[in-house]
Every structure is written in C-alpha cells, then in structure tokens.
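Q: End of the sequence shown = 460 in this note's numbering, gap-free, step of one.
We put the beta carbon where it would ideally sit given N, CA and C, even for glycine.
All values reported here derive from a predicted model rather than from experimental measurement.
Handing you a structure now.
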Amino acid sequence: MAGNLAYVADGEAGLQVVRLSGGPGFLPGFLVEPADQVALLGGTVTFHAQAAGDEPLQYQWRKDGLNLADSARITGSGSATLQLASIQAEDLGAYDVVVSNQAGSVTSHAARLRLASELTVVMRSGEVILSWGGGGTLEQAPTVRGPWTDAAISSPFSTAPSGPMQYYRVRW
Numbered sequence: 289m290a291g292n293l294a295y296v297a298d299g300e301a302g303l304q305v306v307r308l309s310g311g312p313g314f315l316p317g318f319l320v321e322p323a324d325q326v327a328l329l330g331g332t333v334t335f336h337a338q339a340a341g342d343e344p345l346q347y348q349w350r351k352d353g354l355n356l357a358d359s360a361r362i363t364g365s366g367s368a369t370l371q372l373a374s375i376q377a378e379d380l381g382a383y384d385v386v387v388s389n390q391a392g393s394v395t396s397h398a399a400r401l402r403l404a405s406e407l408t409v410v411m412r413s414g415e416v417i418l419s420w421g422g423g424g425t426l427e428q429a430p431t432v433r434g435p436w437t438d439a440a441i442s443s444p445f446s447t448a449p450s451g452p453m454q455y456y457r458v459r460w
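Quick look at the structure:
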C-alpha cells in the first residue's frame, strides 16, 4: 500500500487512532492546540498541546518564534505542557509549539499571553466608576453566585447606585 492513512475517533472508549502505513510514517497532527491565556503579574500560566503521530513525538515550545528552554521560571519547554511562573511583562507574546517525529514537523497556531489588570473602583459624586484592562468584559449579577450577564465590553464603566444590589466581575 502506498501512502499513509489514519483514522482518529474520540468517544466513550476514549481516543482511538488506527493507522495504515505504506510510507516513512505519519506527520504529527494536533488533537489539542494551545489556547490564549491571561495572567496577572507574578502569576502562573500553563499552555497545553496534544499531538498524535508516529512515536516518538518531540515537543519544542517557542515564544515569538524563538525556542524556549527550561529555567527557574519556565518548565516543560520540551513537553506537551509548558508552565510559566512569576509572570513578568517580558513574558507577554505569542506562544506556539513545534511537534516533530521521523516523518517531519508541524507547528501549532500561536496562543497569546496577555496581562490582566485588576478591577479598580472609584466613587465620585454619587457615581461608581469601574475600570479594568487586558481586554476583559465586565459582568454583573444580582448575587455573587450569578447568573452573570455582560455589563460592558470596554473600560471604564459608570453606574449610579440605585435599585437592588449588583455584583461586578471582569472575565478575561
């Protein structure tokens, strides 16, 4: 048989990969690609990817196109899960992972790491002004348990306290 053929099924029995091969092997393919992350300064974030293909698979995480190496704040640069600790402003950027095997390599889409800012509240002349950064969405609810609904998509948001109590949070 010439060429390669793979079937991937995900169901109650879990992930199943059936391979038929007549060539040098299967290129890796992503089952899970890294997702965008938002972090506070000093916080920790985790990027995760999962690939399938002929073993062994080698992972190499990159930031802005440059290979990462493990350090005091970076772990997993050569694995499926990358963790960044004590986030600093210089950590912001685009993270992707290159997965390789004997058949070649593939690169994930880039996941962005953005900095979240905390919600600030200012009371002035009977008005409450809520400000936040990082592109988050302000949500409001009648109780701390919800249900939460969008209140504003851009900062700042002003409201005059009246009627029943409202709770606010920012979702990034």
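(1) Assuming Gly472 and Asp342 make a contact with CB atoms under 8 Å, what is their CB distance in whole Å?
(2) Within 10 angstroms of its Cβ, does Tyr383 collect 16 or more other Cβ (buried), or is it exposed?
(3) State the Cα-Cα distance for the pair Ser367 and Ala323, rounded to the nearest angstrom.
(4) Please confirm whether Val386 and Leu315 have their CB atoms less than 8 Å apart.
(5) Taking just the CA atoms, how far does Glu378 sit from Gly424?
(6) Can you find the residues in the same chain that come closer than 6 Å, C-beta to C-beta, to Leu328, ignoring five residues on each side of it along the sequence?
(7) Would you mind stating whether Pro435 and Leu418 have Cβ atoms separated by less than 8 Å?
(8) What residues are listed by DSSP as bridge partners for Leu319?
(9) Roughly how many angstroms lie between the CA atoms of Gly331 and Thr447, to the nearest whole one?
A: According to the structure data:
(1) Any property of residue 472 remains undetermined from this structure, which presents the chain solely from 289 to 460.
(2) buried
(3) One C-alpha to the other measures close to 16 Å.
(4) no
(5) 20 Å
(6) Ala404
(7) no
(8) DSSP lists no partner for Leu319.
(9) 31 Å
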